[in-house]
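Position 27 (the sequence shown) corresponds to 27 in full-length UniProt numbering; numbering is contiguous.
Quick reminder that beta carbons are idealized off the backbone N, C-alpha and C, glycines included.
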Amino acid sequence: YILLYIDNILIAGCLDDIAAIKQQIVAKWKYKDLGLVIIFVSFQIIRDQAAKTLIIH
Numbered sequence: 001y002i003l004l005y006i007d008n009i010l011i012a013g014c015l016d017d018i019a020a021i022k023q024q025i026v027a028k029w030k031y032k033d034l035g036l037v038i039i040f041v042s043f044q045i046i047r048d049q050a051a052k053t054l055i056i057h
């Protein structure tokens with residue numbers, strides 16, 4: 001999944017797909033990878049891998 005809002009991009013999915021998308025982006029544009037998301041466009045994102053949950057406030 002790709003979520004785009006103005007100049008913010010959030011990529012979610014399996015690691016292989018994310019890596020492929022990042023390669024395509026870096027081939028065309030300059031970008032900065034900020035790592036795992038905590039806040040995206042004023043939404044707080046809480047991820048619990050053990051429980052396999054994602055909470056968006």
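query, result
"Distance between beta carbons of Ile56 and Ile45, contact taken as under 8 Å", "6 Å"
"Helix, strand or coil at Asp7 according to DSSP, with G and I counted as helix", "coil"
"Collapsed DSSP secondary structure at Asp33 in the structure displayed", "coil"
"Distance CB(Ile9)-CB(Ile25) smaller than 9 Å", "yes"
"Cβ pair Leu3, Ala12 closer than 9 Å", "yes"
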